[in-house]
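Enquirer: I have a structure I would like to understand better, so I am pasting it below and will then ask my questions one at a time.
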Ligand SMILES: C[S@@+](CC[C@H](N)C(=O)[O-])C[C@H]1O[C@@H](n2cnc3c(N)ncnc32)[C@H](O)[C@@H]1O
């Protein structure tokens, strides 16, 4: 006979499976965060993943933001579509590892149930949580506010026909950021969610947007996202991650693979350090008969680059070790222009004499010199 623990576990797994289907098929019941059973299922499964994504991106903020962001007595953060707050608490965990003052975190969501759960949860003693119930993007009682960091994670996917109105909201919020301020937008890695976020990013950049795109695009992109040039393309992260046994067991029982942080993100800043000019691998690295190949983005174009086995040398061997999201030094002149563009992308062979220099991991952490070669 099944014991109570396993019945409860099975019920959570069923709720997670229904949530997952609802998210993918865009049929989610908007009250899911108000119902304790589905809210708990969300927390048990997606909460841990969201926290890990927040921490990873929080570390990226530490790396990329302007030092002006941290020259304050306390930081003020706003999280839109916050749910139970795991994502922004992950960001806060990373920030508080370097910032010694307190952090005020204001959570906004349409679900009163999610917000009351967030406010009662255990948290870092330097984290001060407040909440506002509001349906975005129209209801904006938290404005005018002045925040240092604004985040919105996995909310647009539930509102993907509303990008114009969300762009208006984000523009307004960005105009009130304090010195060195940051806007971080994150969505799931699937094609539809990713393209929705990338389109929203283009919409923001096409307006009088006060912020610079710091990541993930190399070279501080200002023009349209090249992934949107073709309906089959999109761009997402696939960062290695370790999850708890409980989460891995549940993922396994649902037939999900949980071995990485999969997400699409855009990190904007008032100032700070955009990715320098580089080539970023935006696909897996394919090993095929006679060559390795991958799609690379320089912020303006996508390029399919091959390394033929006969061109493998001490100078080029790093190519065969590349992972999605890593950047390499863009060759000065020559290679990119001289390749004969095939189909919709430039396609070219990397030459034996041209060193492959790995610059940074997907989160912007530089390779040390030895590692990079
Ligand atoms: C998938 S959850 C994400 C929660 C959290 N940001 C995370 O990444 O874990 C989406 C959240 O957005 C909220 N939400 C969706 N559409 C909203 C809207 N139009 N206005 C306010 N909240 C909304 C939902 O209630 C839910 O809590």
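In the working numbering, the protein residues as written are 84 to 456.
Even glycine gets a Cβ: it sits at the ideal position worked out from N, Cα and C.
1. Would residue 188 and residue 175 qualify as a contact pair, given that the criterion is a beta-carbon distance under 8 Å?
2. Which of helix, strand or coil does DSSP assign to residue 128?
3. Taking DSSP as the reference, what is the three-state secondary structure of residue 349?
4. For residue 184, which three-state DSSP category applies?
5. Taking 7 Å as the cut-off, is the CB of residue 348 close to at least one heavy atom of ligand 1?
6. Do you know whose CA, among 383, 340 and 326, lies nearest residue 306's CA?
7. Helix, strand or coil: how does DSSP classify residue 153 here?
8. Where does residue 443 sit, in a helix, a strand or coil, going by DSSP?
9. Using 7 Å as the cut-off, classify the Cβ of residue 219 as near or not near the heavy atoms of ligand 1, replying yes or no.
10. Mind checking which residues open and close the alpha helix (DSSP H) that includes residue 241?
11. Would you mind sorting residue 369 into buried or exposed? The rule is 16 or more other CB atoms within 10 Å of its CB.
12. Can you tell me which of the three DSSP states residue 436 falls into?
13. Taking three-plus beta-carbon pairs below 8 Å as touching, is the region 326 to 335 in contact with the region 288 to 297?
14. Verify whether the separation of the beta carbon atoms of residue 232 and residue 158 is less than 8 Å.
15. Please go through the region 292 to 355 and give each complete alpha helix (DSSP H) segment of 4 or more residues, from N-terminal end onward.
16. Nearest by alpha-carbon distance to residue 185: which of 98, 277, 361 and 156 is it?
17. Are at least three pairs of beta-carbons, each pair with one atom in the region 217 to 236 and one in the region 202 to 209, less than 8 Å apart?
18. Mind checking whether the beta-carbon of residue 104 lies closer than 7 Å to any heavy atom of ligand 1?
19. With DSSP collapsed to three states, give me the class of residue 103.
20. May I ask you to list the residues that DSSP assigns as paired with residue 161?
21. Whose C-beta lies closer than 6 Å to the C-beta of residue 105 among residues of the same chain, with five residues either side of it excluded?
Expert: Short version:
1. Mapped onto the chain shown, residue 188 falls at position 105. Mapped onto the chain shown, residue 175 falls at position 92. Contact: yes.
2. For this step, residue 128 is matched to residue 45 along the chain shown. If DSSP states are grouped into helix, strand and coil, residue 128 belongs with the helices.
3. By one-based count along the chain shown, residue 349 stands at place 266. Strand, per DSSP.
4. Here residue 184 corresponds to residue number 101 of the chain shown, with the count starting at 1. Residue 184 falls in the coil class under three-state DSSP.
5. Within the chain shown, residue 348 is the residue found at index 265, counting from 1. Incorrect: residue 348 has no Cβ contact closer than 7 Å to ligand 1.
6. For the purposes of this step, residue 306 is taken as the residue at position 223 of the chain shown. Selected option, being the one with the closest Cα: 383.
7. Within the chain shown, numbered from 1, the residue matching residue 153 stands at position 70. Correct three-state label for residue 153: helix.
8. As a first step, residue 443 must be located in the chain shown, where it is residue number 360. It is a strand residue.
9. The residue labelled residue 219 in the question sits at position 136 within the chain shown. Checking every heavy atom of ligand 1 against the Cβ of residue 219, one is found closer than 7 Å.
10. Taking the chain shown and counting its residues from 1, one reaches residue 241 at position 158. Element bounds for residue 241: n/a, residue is neither H nor E.
11. Your numbering for residue 369 matches position 286 in the chain shown. Answer is exposed; the Cβ neighbour count stays below 16.
12. Position 353 of the chain shown, counting from 1, holds the residue named residue 436. Of the three classes helix, strand and coil, the one that applies to residue 436 here is coil, per DSSP.
13. no
14. Here residue 232 refers to the residue found at position 149 when the chain shown is read from its first residue. Here residue 158 refers to the residue found at position 75 when the chain shown is read from its first residue. Yes, the Cβ-Cβ distance between residue 232 and residue 158 is below 8 Å.
15. 328 to 337
16. Looking up residue 185 in the chain shown gives position 102. Nearest option by C-alpha distance: 156.
17. no
18. In the chain shown, the residue the question calls residue 104 occupies position 21. Residue 104: no, Cβ never under 7 Å from ligand 1.
19. Taking the chain shown and counting its residues from 1, the one referred to as residue 103 is at position 20. Helix.
20. Numbered from its first residue, the chain shown carries residue 161 at position 78. Answer is 189 and 233, bridged to residue 161.
21. Here residue 105 corresponds to residue number 22 of the chain shown, with the count starting at 1. Excluding sequence neighbours, residue 105 sits near 111.
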